[in-house]
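Numbering (our numbering), first residue to last: 292 to 534. The beta carbon of each residue, even a glycine, is placed where N, CA and C say it ideally should be. Take a look at the structure below.
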Ligand code: PGA
């Protein structure tokens, strides 16, 4: 399976920052053995589409609404992302769940809409520190998968990203054993639900200096990277570890 390197820029980079980043990125030798995917903020999607046209680099939105049109002030739709040429949409990132009150029910509806447009949803799941310390990690991940994918089709495209909340933006990366245990569980649950082709990404403080070790853990099909994806040099370092 081709390894995936997905960059989640969160609320960073203006359109001019975005243009500069992709100008620098395109000057690099991008390995065709990696599926590169960028998630800029919505306001930089048009610049991203223009910059990446004619390249093999994929892109998409960090979120969308479950409806494609209507009286939903402030939302963006999967249909617009599709028309602009985007192929992926991140769904259920822990920051969306935590700060914007997204529920598994909302997430499942978004995934259904995204799949119906033949785009690829990347469903983010992960446990809090409290859940990990009370031994609830695996049951929580199972529940997030079962609820989040309740309306999803195994016949359509899908990627899952496991991101322990306590590792996001903290510099505290999950250990090899923690990644192995959780990814094996996610793989097992996905297989039982019929999603046998779904790639599983690890996310949470991935950096150039831990990418090699993490990428060698079984059932890790790539990374979802936040902070370290904002600079071309650090992203290229992570790509080295993934190969
Ligand atoms: P981080 O973020 O790499 O900065 O920890 C990952 C994410 O939130 O997707």
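Distance, residue j Cα to residue i Cα
| i | j | result |
| --- | --- | --- |
| residue 317 | residue 338 | 14 Å |
| residue 522 | residue 440 | 33 Å |
| residue 517 | residue 340 | 20 Å |
| residue 403 | residue 391 | 20 Å |
| residue 398 | residue 477 | 17 Å |
| residue 426 | residue 435 | 16 Å |
| residue 346 | residue 424 | 44 Å |
| residue 472 | residue 344 | 39 Å |
| residue 309 | residue 429 | 37 Å |
| residue 370 | residue 376 | 10 Å |
| residue 292 | residue 479 | 17 Å |
| residue 520 | residue 297 | 8 Å |
| residue 374 | residue 433 | 33 Å |
Cβ pair residue i, residue j closer than 7 Å
| i | j | result |
| --- | --- | --- |
| residue 496 | residue 458 | yes |
| residue 372 | residue 352 | yes |
| residue 328 | residue 349 | yes |
| residue 411 | residue 379 | yes |
| residue 464 | residue 413 | no |
| residue 452 | residue 415 | yes |
| residue 367 | residue 513 | no |
| residue 395 | residue 438 | yes |
| residue 357 | residue 421 | no |
| residue 462 | residue 502 | no |
| residue 330 | residue 299 | yes |
Chain-order list of residues whose beta-carbon lies under 6 Å from that of residue i (same chain, five-residue window excluded)
| i | result |
| --- | --- |
| residue 499 | 525, 528, 529 |
| residue 447 | 406 |
| residue 306 | 335, 338 |
| residue 384 | 415 |
| residue 359 | 368, 370 |
Cβ-based neighbour list, residue i, same chain, cut-off 8 Å, excluding 5 preceding and 5 following
| i | result |
| --- | --- |
| residue 487 | 445, 481 |
| residue 301 | 332, 353, 386, 517 |
| residue 314 | 342 |
Residues bridged to residue i [DSSP beta-bridge criterion]
| i | result |
| --- | --- |
| residue 320 | DSSP lists no partner for residue 320. |
| residue 326 | 295 |
| residue 426 | Looking at the DSSP assignment, residue 426 forms no beta bridge with any residue, so it has no partner. |
| residue 416 | 453 |
Contacts around residue i, its chain only, beta-carbon distance under 7 Å, and the 5 residues preceding and following it disregarded
| i | result |
| --- | --- |
| residue 470 | 493, 505, 508, 511 |
| residue 485 | 445 |
| residue 454 | 385, 415, 417, 494, 495, 515 |
| residue 431 | 418, 422 |
Integer Cβ distance of residue i from residue j, believed to fall under 8 Å
| i | j | result |
| --- | --- | --- |
| residue 534 | residue 322 | 6 Å |
| residue 491 | residue 474 | 6 Å |
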